[in-house]
Amino acid sequence: MLAQQSSNAGIPDTVKTICCIGAGYVGGPTMAVIAYKAPHVKVIVVDLNQARIDAWNSDKLPIYEPGLDEVVKASRGRNLFFTTDVDASIKEADAIFVSVNTPTKTFGMGKGCAADLKYLESAARRIAEVSESGKIVIEKSTVPVKSAEAIRAILTANTKSKCRFTILSNPEFLAEGTAIPDLMAPDRVLIGGDEDEDGQKAVKALSAVYNNWVPAERIITTNTWSSELSKLTANAFLAQRISSINSISALCEATGADVDEVANAIGKDTRIGSKFLKASVGFGGSCFQKDILNLVYLCKTYNLHEVAEYWQQVVDINEYQKKRFSLQIVRSLFNTVTNKKIAIMGFAFKKDTGDTRESASIDVIKYLMDEGANIAIYDPKVEESQIDMDLLPPGVDAKASAKVKSLYTIHTDPYEAAKDAHAIVVCTEWDEFKTFDYQKIYNDMYKPAFLFDGRKILDIEAMKTIGFQASVIGTKC
Ligand code: UDX
Ligand code: ADP
Numbered sequence: 089m090l091a092q093q094s095s096n097a098g099i100p101d102t103v104k105t106i107c108c109i110g111a112g113y114v115g116g117p118t119m120a121v122i123a124y125k126a127p128h129v130k131v132i133v134v135d136l137n138q139a140r141i142d143a144w145n146s147d148k149l150p151i152y153e154p155g156l157d158e159v160v161k162a163s164r165g166r167n168l169f170f171t172t173d174v175d176a177s178i179k180e181a182d183a184i185f186v187s188v189n190t191p192t193k194t195f196g197m198g199k200g201c202a203a204d205l206k207y208l209e210s211a212a213r214r215i216a217e218v219s220e221s222g223k224i225v226i227e228k229s230t231v232p233v234k235s236a237e238a239i240r241a242i243l244t245a246n247t248k249s250k251c252r253f254t255i256l257s258n259p260e261f262l263a264e265g266t267a268i269p270d271l272m273a274p275d276r277v278l279i280g281g282d283e284d285e286d287g288q289k290a291v292k293a294l295s296a297v298y299n300n301w302v303p304a305e306r307i308i309t310t311n312t313w314s315s316e317l318s319k320l321t322a323n324a325f326l327a328q329r330i331s332s333i334n335s336i337s338a339l340c341e342a343t344g345a346d347v348d349e350v351a352n353a354i355g356k357d358t359r360i361g362s363k364f365l366k367a368s369v370g371f372g373g374s375c376f377q378k379d380i381l382n383l384v385y386l387c388k389t390y391n392l393h394e395v396a397e398y399w400q401q402v403v404d405i406n407e408y409q410k411k412r413f414s415l416q417i418v419r420s421l422f423n424t425v426t427n428k429k430i431a432i433m434g435f436a437f438k439k440d441t442g443d444t445r446e447s448a449s450i451d452v453i454k455y456l457m458d459e460g461a462n463i464a465i466y467d468p469k470v471e472e473s474q475i476d477m478d479l480l481p482p483g484v485d486a487k488a489s490a491k492v493k494s495l496y497t498i499h500t501d502p503y504e505a506a507k508d509a510h511a512i513v514v515c516t517e518w519d520e521f522k523t524f525d526y527q528k529i530y531n532d533m534y535k536p537a538f539l540f541d542g543r544k545i546l547d548i549e550a551m552k553t554i555g556f557q558a559s560v561i562g563t564k565c
């Protein structure tokens with residue numbers, strides 16, 4: 089018995105069973121693709137949230153992601169399992185992905201900037217508590233640099249057995265809406281680990297899992313800190329491109345240049361490249377703002393104030409863009425939107441997802457509601473309950489909440505949302521918005537009818553021909 093225990097106490101050479109803690113936007117699709125591509129590996133996804141697990145086991149998955157249904161259906165019940173039995177799954181696994189949420193702190197030290205690591209910490213404590221054999225523990229959530237050290241400290245301080253742990257950083261680079269193709273054919277897989285024997289053994293074991301479908305040259309291995317910092321840096325660079333082009337969109341509107349033409353011209357320079365240069369009402373999503381704020385906090389912690397300010401500007405421009413767009417709507421509607429109906433097309437932070445975290449739509453709606461507008465919301469994928477959660481301020485009394493609720497309605501028919509509206513505002517780049525019958529929408533609207541395109545997806549000249557007072561971000565109107 090003793091011999092058995094000590095032989096299991098080391099770091100596993102191969103990964104036969106995976107446990108993923110956290111069945112969210114990252115954990116769910118990532119594990120589904122691993123199970124699909126590595127059918128000999130058993131993959132168990134666990135979450136404390138019973139409703140979420142039930143949904144993963146049902147025909148209506150808890151998240152919308154093109155291609156996800158097929159991938160889950162192909163492996164579920166074969167080598168892919170969803171359960172709330174966290175402890176048993178931890179015990180069984182050789183490798184444990186920690187894919188819990190790490191939201192920006194809303195209180196205390198680092199409020200509004202640092203990541204809240206309470207979910208990560210509690211997951212680490214659980215692993216330490218119940219493990220009976222050596223484990224490879226993999227950080228999948230976006231975490232501040234040096235979180236691996238915190239996980240290690242928790243694991244070693246709390247473990248009740250003699251088993252060993254090694255921590256890897258394996259950041260996720262998938263984008264929502266394209267998660268399945270991103271996971272099936274990643275630009276790269278990044279694995280950071282300790283330089284000691286256990287660390288290197290674990291890096292090899294995890295690389296072998298990915299190598300079932302990702303060519304070896306696309307699997308980059310680094311030390312843990314480089315891997316953690318690369319995730320924040322990648323997102324900061326991507327967000328910086330959007331803020332850069334959005335800052336130019338303001339100048340285009342002032343001068344008569346067209347931001348799409350500028351983006352196209354500079355994107356042809358191979359040193360710049362054409363991706364992530366689409367002007368918008370502002371970036372959203374669970375990563376960009378959070379990761380940049382993490383980076384800012386990290387810089388401040390190391391007394392690098394100039395560097396912190398530099399990256400903070402990327403977030404500031406994003407706030408400016410959302411406000412600027414909202415102001416433009418008010419200004420065009422004769423400086424008042426009080427009691428005017430405004431239809432908002434799109435509530436998700438981008439197309440092909442039902443995720444609303446940090447969606448620009450939320451800020452635009454809140455701004456217009458503050459000005460007394462009546463908002464009619466249409467989104468093809470976002471649930472009504474989610475919209476309520478995003479718009480109704482948490483912790484306010486029923487009376488205040490009812491007042492906010494009286495300022496917006498949620499529609500399942502876009503034409504109904506637009507009927508009798510003074511303006512329609514495109515906040516998300518859903519493909520279906522391009523093919524609406526705009527003549528019908530125009531006919532049913534209050535005149536003059538205004539159209540604001542914060543995503544630059546519509547043909548502005550065609551909209552003007554119909555009769556709209558059309559205004560598109562990054563173009564002089
Ligand atoms: C991002 C990163 O792309 C991904 O690598 C990382 O793992 C997580 O964060 P995601 O937030 O899912 O992914 O979506 P992404 O496609 O990057 O878009 C983020 C936001 O930027 C969206 O609101 C999108 O509409 C906006 N955006 C994107 C623009 O406004 N213009 C662009 O040119 C591109
Ligand atoms: P992400 O976009 O990073 O995937 P989500 O919020 O979609 O974030 O998912 C994180 C999931 O992690 C949630 O479903 C949450 O219930 C789950 N979770 C958080 N802490 C724990 C924990 N200690 N054990 C199990 N699941 C957890």
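Just so you know, we're using our numbering here: the sequence shown kicks off at 89 and counts up by one.
Where is the CB? At the ideal position from N, CA and C, for every residue including glycine.
None of the values given here were measured: they were computed from a predicted structure.
**Request:** Report the option in Glu520, Ala511 and Lys289 whose CA atom is closest to the CA atom of Gly98.
**Result:** For this step, residue 98 is matched to residue 10 along the sequence shown. It is Lys289.
**Local Cβ density within 10 Å of Asp547, reported as buried at 16 or more and exposed below that** = Along the sequence shown, read from residue 1 onward, the residue named residue 547 stands at position 459. Asp547 should be labelled exposed.
**Prompt:** My guess is that Val560 and Asp532 are in contact by the Cβ rule of under 8 Å, so how many angstroms apart are they, rounded?
**Reply:** Here residue 560 corresponds to residue number 472 of the sequence shown, with the count starting at 1. Here residue 532 corresponds to residue number 444 of the sequence shown, with the count starting at 1. Rounded, the Cβ-Cβ distance is 22 Å, inconsistent with contact.
**Request:** Return the first residue and the last residue of the alpha helix (DSSP H) that Leu566 is part of.
**Result:** Absent from the model: residue 566. The displayed extent of the chain is 89 to 565, so no value can be given.
**Request:** Between the Cα of Asn427 and those of Tyr207, Val186, Met197 and Ala464, spot the shortest distance and give me the residue it belongs to.
**Result:** As a position in the sequence shown, residue 427 is number 339, starting the count at 1. That would be Ala464, whose Cα lies nearest to the Cα of Asn427.
**Prompt:** Once you ignore the five residues that flank Gly460 on each side, which residues in its own chain have a CB closer than 7 Å to its CB?
**Reply:** Here residue 460 refers to the residue found at position 372 when the sequence shown is read from its first residue. Same-chain partners within the cutoff: Val425, Thr426 and Asn427.
**Asked** Looking at Glu264 and Val153, is the spacing between their C-beta atoms short of 9 Å?
**Response** Here residue 153 refers to the residue found at position 65 when the sequence shown is read from its first residue. Here residue 264 refers to the residue found at position 176 when the sequence shown is read from its first residue. The question names Val, but residue 153 is Glu in the sequence shown. Yes, the pair counts as a contact, with Cβ atoms nearer than the cut-off.
**Request:** Give the single residue among Met272, Ser146 and Ala181 whose Cα lies nearest to the Cα of Thr102.
**Result:** Stepping through the sequence shown from its first residue, residue 102 is reached at position 14. Thr102 has its Cα closest to that of Ala181, out of Met272, Ser146 and Ala181.
**Item:** Cβ-based burial, Thr553 [other Cβ within 10 Å; buried from 16]
**Value:** Numbered from its first residue, the sequence shown carries residue 553 at position 465. Exposed, because fewer than 16 other Cβ atoms sit within 10 Å of the Cβ of Thr553.
**Request:** Could you give the DSSP three-state label for Glu394: helix, strand or coil?
**Result:** Residue mapping note: residue 394 aligns to position 306 of the sequence shown, counting from 1. Of the three classes helix, strand and coil, the one that applies to Glu394 here is helix, per DSSP.
**Asked** Quick one: what's got a C-beta closer than 7 Å to Gln409's C-beta in the same chain, skipping five residues either side?
**Response** Walking along the sequence shown from the start, residue 409 turns up at place 321. Closer than 7 Å at the Cβ level, and outside the excluded window around Gln409, lie Asn334, Val369 and Gly370.
**Request:** Give a single yes or no on whether Thr230 has its beta carbon closer than 8 Å to a heavy atom of the ligand ADP.
**Result:** Looking up residue 230 in the sequence shown gives position 142. At least one heavy atom of the ligand ADP is nearer than 8 Å to the Cβ of Thr230, so yes.
**Request:** Run the CB neighbour count on Leu386, radius 10 Å, all protein chains shown included, and call it buried at 16 or more, exposed below.
**Result:** As a working mapping, residue 386 is identified with position 298 in the sequence shown. Its Cβ being crowded by 16 or more others within 10 Å, Leu386 is buried.
**Request:** Quick one: grab the DSSP three-state call for Ser221.
**Result:** In the sequence shown, the residue the question calls residue 221 occupies position 133. Looking at Ser221 - three-state DSSP - the assignment turns out to be coil, as it is neither helix nor strand.
**Message:** Quick check: does the Cβ of Leu156 come within less than 8 Å of any heavy atom belonging to the ligand UDX?
**Reply:** Indexing the sequence shown from 1 puts residue 156 at position 68. Outside the cutoff, so no.
**Asked** How about the region 137–148 and the region 183–200: do they share at least three Cβ pairs that are nearer than 8 Å?
**Response** no
**Item:** Opposing strand residues paired with Gln557 [DSSP bridges]
**Value:** In the sequence shown, counting from the first residue as 1, residue 557 sits at position 469. DSSP, once it has assigned bridges, lists Phe538 as partnering Gln557.
**Request:** For Asn427, write down the residues that DSSP places opposite it in a beta bridge.
**Result:** By one-based count along the sequence shown, residue 427 stands at place 339. Its beta-bridge partners do not exist; DSSP assigns none.
**Prompt:** How long is the line joining the alpha carbons of Pro191 and Arg445, rounded to whole angstroms?
**Reply:** Taking the first residue of the sequence shown as 1, we reach residue 191 at position 103. Taking the first residue of the sequence shown as 1, we reach residue 445 at position 357. Rounded to whole angstroms, Pro191 to Arg445 spans 10 Å at the Cα level.
**Item:** Simplified DSSP state of Phe185, which is helix, strand or coil
**Value:** Residue mapping note: residue 185 aligns to position 97 of the sequence shown, counting from 1. Strand.
**Message:** For Arg164, list the residues DSSP reports as bridge partners.
**Reply:** The count along the sequence shown starts at 1 and reaches residue 164 at position 76. BP columns for Arg164 point to Leu168.
**Message:** Does Gln93 pass the burial test, meaning 16 or more other C-beta atoms within 10 Å, or should it be called exposed?
**Reply:** What you label residue 93 is simply residue 5 of the sequence shown in a count that begins at 1. Note that Gln93 scores a pLDDT of 42, beneath 50, so its modelled location is shaky; the value from the coordinates is reported in the next line. Looking at its Cβ environment, which holds fewer than 16 other Cβ atoms inside 10 Å, Gln93 is exposed.
**Message:** I'd like to confirm something about Gly373: is its beta-carbon nearer than 8 Å to some heavy atom of the ligand UDX, or not?
**Reply:** Locating residue 373 in the sequence shown gives position 285, where the first residue counts as 1. The answer is yes for Gly373.
**Item:** Local conformation of Glu305 per DSSP, three classes
**Value:** For the purposes of this step, residue 305 is taken as residue 217 along the sequence shown, with counting starting at 1. Here Glu305 sits in helix by DSSP.
**Message:** With a threshold of 8 Å, are at least 3 pairs of Cβ atoms found where one atom belongs to the region 440–455 and the other to the region 508–515?
**Reply:** yes
**Asked** So is Cys565 buried or exposed if we call it buried at 16+ other beta carbons inside 10 Å?
**Response** Position 477 of the sequence shown, counted from the start, is the residue given in the question as residue 565. Exposed, because fewer than 16 other Cβ atoms sit within 10 Å of the Cβ of Cys565.
**Item:** Sufficient close CB pairs (3 or more, under 8 Å) joining the region 248–256 to the region 214–224
**Value:** yes
**Request:** With a cut-off of 8 Å on the beta carbons, I'd call Leu278 and Asn258 a contact; round off their distance for me.
**Result:** Position 190 of the sequence shown, counted from the start, is the residue given in the question as residue 278. Position 170 of the sequence shown, counted from the start, is the residue given in the question as residue 258. Indeed, because the Cβ distance is near 7 Å, the residues count as touching under 8 Å.
**Request:** Please check the pair Ser414 and Leu456, which I expect to be a contact at CB under 8 Å, by giving their CB distance rounded to whole angstroms.
**Result:** Locating residue 414 in the sequence shown gives position 326, counting from the first residue. Locating residue 456 in the sequence shown gives position 368, counting from the first residue. Confirmed, about 6 Å.
**Request:** Could you check if Pro481 is buried or exposed, using at least 16 other CB atoms within 10 Å of its CB as the buried criterion?
**Result:** Reading the sequence shown from its first residue, position 393 is the one you call residue 481. Exposed: under 16 other Cβ atoms inside 10 Å.
**Item:** For Leu149, the first and last residue of its enclosing beta strand (DSSP E)
**Value:** Here residue 149 refers to the residue found at position 61 when the sequence shown is read from its first residue. No beta strand (DSSP E) holds Leu149; DSSP gives it neither H nor E.
**Request:** Say yes only if the C-beta of Ile109 is nearer than 8 Å to one or more non-hydrogen atoms of the ligand ADP, and no if none qualify.
**Result:** Taking the first residue of the sequence shown as 1, we reach residue 109 at position 21. Yes, the Cβ of Ile109 comes within 8 Å of a heavy atom of the ligand ADP.
**Item:** Of the listed residues Ile268, Cys107 and Tyr530, nearest to Val160 (C-alpha basis)
**Value:** What you label residue 160 is simply residue 72 of the sequence shown in a count that begins at 1. Residue Ile268 is the option with its Cα nearest to Val160.
**Message:** Taking 8 Å as the limit between beta carbons, can you name the residues of its chain near Ile106, skipping five residues before and five after?
**Reply:** What you label residue 106 is simply residue 18 of the sequence shown in a count that begins at 1. Sequence-distant Cβ neighbours of Ile106 in its own chain, meaning closer than 8 Å and more than five residues away, are Met119, Ile122, Val129, Lys130, Val131, Ile132, Ala181, Asp182, Ala183, Ile184, Phe185 and Val297.
**Request:** Please go through the same chain and pick out, in chain order, the residues whose beta-carbon is closer than 7 Å to the beta-carbon of Ala436, but skip the five residues on each side of it.
**Result:** The residue you call residue 436 lines up with position 348 of the sequence shown. Excluding residues within five positions, the ones whose Cβ falls inside 7 Å are Gly442, Asp443, Thr444, Ser447, Asp467, Lys469, Val470 and Thr516.
**Prompt:** For Ser229, is the classification buried or exposed, using 16 other Cβ atoms within 10 angstroms of its Cβ as the cut-off for buried?
**Reply:** Along the sequence shown, read from residue 1 onward, the residue named residue 229 stands at position 141. With at least 16 other beta carbons inside 10 angstroms of its own, Ser229 counts as buried.
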